[in-house]
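Residue numbers (the numbering used here): 68 to 515.
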């Protein structure tokens, strides 16, 4: 029972944090809109403090115009949707979802899965990567469309995907997944921001795609099903059970002291009643600022080839492998990455193929951050797996040296040497890597 309480605490803590955020947002009053705007447009002007410090978090204490009440309302509705999704997944065959649905004590199974993991997930590719990216984007938009900046929306997606799904609903059926804990919020950030911007384009075109209102409606539902379902429930009930909405951008130049301040507003509509809102009932919330210092440009994906020198205790030959990594490049000084290496080695005795896997969560500290060529130190922890069998996994610590050449804002070359140490086996393996890193969005900020 003690383990059970420790495992569920993060989810409860997140929900308790969001409750005061909702109350704070409900109590706050929006600043008056510029007189040039129609009376029912009430944009919330962004406070520059929302972006200072760059990685500050307003999610639990909205104080820059964010609509915490809407976020909390949709968080509660998503819990119900997640329970429904869990029921659907239990009905699907195990070979399509990878869920182990053996009978027994359900709560004990959840506790065992939570305390065992996380581990490397071997679910089907479509479910693991396409499905989780879409789900992460759905979480992301809940916060983004409530007026939160990209970084806060990413944090929200990470909390929801980790505690609501991986350590919550899904843990009743399988051990939490290492790559899903990292991939879902990061890929969700990329997809969610694209979906967020795409929805506004469809709204501006009258809700049509290729001239079709039907395609427009289907697209809007797929881009943000939580918002669409919430608005549908409100209309069916004839009252606002769930705070949901959609929005659009407006632009307004304001001249002050001989200079023009270019301001971009994001307006949100909150549907109330079965027929939707009238112009007088539209209650915009939220904002968008064009100078957000943290955007999808901090996300980087890398691929490399390498050679591993294995400890003699493993009784396998050295060999080549392929390595993939996905991470966040916070500044030219610091990054964190999930790395996965895979290749075929050979058993020295039987000469049979040994499928080699190594995954780790690593931190990089870069020297000479002002230069394009940056030496770095790296360190982290992870596991080595043989024969794609998670029962063979061995915990490892790692540390190493490398060099990073940022020859373009979106592209970099890197090479490193990493030593892996397994305390339980007293083994020391080495990796020599060289590869390419791609940065999404606008890449590295030019003023860094």
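For glycine and all other residues, C-beta sits at the position ideal for the given N, C-alpha and C.
- Per DSSP, residue 260 is one residue of the alpha helix (DSSP H) stretching across 245-271.
- Look at the beta carbons and you see the region 244-257 not touching the region 277-293: under three pairs across the two are nearer than 8 Å.
- Between the alpha carbons of residue 219 and residue 490 lies a distance of about 37 Å.
- In chain order, 373, 375, 485 place their CB closer than 6 Å to the CB of residue 498, counting only its own chain and leaving out the 5 sequence neighbours on each side.
- Here residue 493 carries a coil assignment [DSSP, helix/strand/coil].
- Nearest in C-alpha terms to residue 442, of all of 455, 452, 472, 454, is 472.
- In the DSSP annotation of this structure, the continuous segment of the beta strand (DSSP E) that includes residue 376 starts and ends at 366-376.
- In this structure, the straight-line span from the alpha carbon of residue 477 to that of residue 174 is close to 46 Å.
- In the structure shown, residue 124 falls within a coil segment according to DSSP collapsed to helix, strand and coil.
- Beta-bridge pairing by DSSP links residue 484 to 468, 499.
- By DSSP's assignment, residue 392 forms a beta bridge with 369, 406.
- If you draw a straight line from the Cα of residue 412 to the Cα of residue 262, it comes to about 42 Å.
- Ranked by Cα distance from residue 437, the options 122, 124, 513 are led by 513.
- Between residue 467 and residue 494, the CB-CB gap reaches or exceeds 8 Å.
- The beta carbon of residue 410 is closer than 7 Å to those of 386, 387, 388, 389, 423 in its chain, skipping five residues each way along the sequence.
- Residue nearest to residue 247 within the set 393, 507, 124, 366 is 393 (criterion: CA-CA distance).
- Nearest C-alpha to residue 122 among 134, 141, 217: 217.
- Taking the Cβ atoms as the reference, residue 131 lies roughly 19 Å from residue 140, outside the contact range of under 8 Å.
- In the DSSP assignment, residue 446 falls within the beta strand (DSSP E) that extends over 440-453.
- Of the candidates 119, 255, 291, 362, 291 places its Cα closest to the Cα of residue 269.
- Around residue 283, the same chain offers 269, 274, 275, 276 as residues with beta carbons nearer than 7 Å, after the five sequence neighbours per side are excluded.
- Looking at 462, 457, 440, 439, the one whose alpha-carbon comes closest to that of residue 450 is 462.
- Boundaries of the beta strand (DSSP E) around residue 432: 420-433.
- Under the DSSP assignment, residue 217 falls in the alpha helix (DSSP H) whose first and last residues are 217-226.
- Residue environment: residue 456 is assigned as exposed (fewer than 16 neighbouring CB atoms within 10 Å of its CB, all protein chains considered).
- In the DSSP assignment, residue 383 forms a beta bridge with 414.
- In the DSSP assignment, no residue is bridged to residue 138.
- Under the DSSP assignment, residue 282 falls in the alpha helix (DSSP H) whose first and last residues are 280-290.
- The C-alpha of residue 245 lies about 14 Å from the C-alpha of residue 391.
- With distances taken between CA atoms, residue 406 lies nearest to 368 out of 214, 459, 368.
- Around the beta carbon of residue 447, 16 or more other beta carbons lie within 10 angstroms, which makes this residue buried.
- Residue burial annotation: residue 454 is exposed, with fewer than 16 other C-beta atoms found within 10 angstroms of its C-beta.
- Contact annotation: residue 207 and residue 229 have beta-carbon atoms that are not nearer than 8 Å.
- For residue 159, the secondary structure class from DSSP, reduced to helix, strand or coil, is coil.
- Excluding sequence positions up to five before and after residue 238, its CB lies within less than 6 Å of the CB of 177, 180, 181, all in the same chain and listed in chain order.
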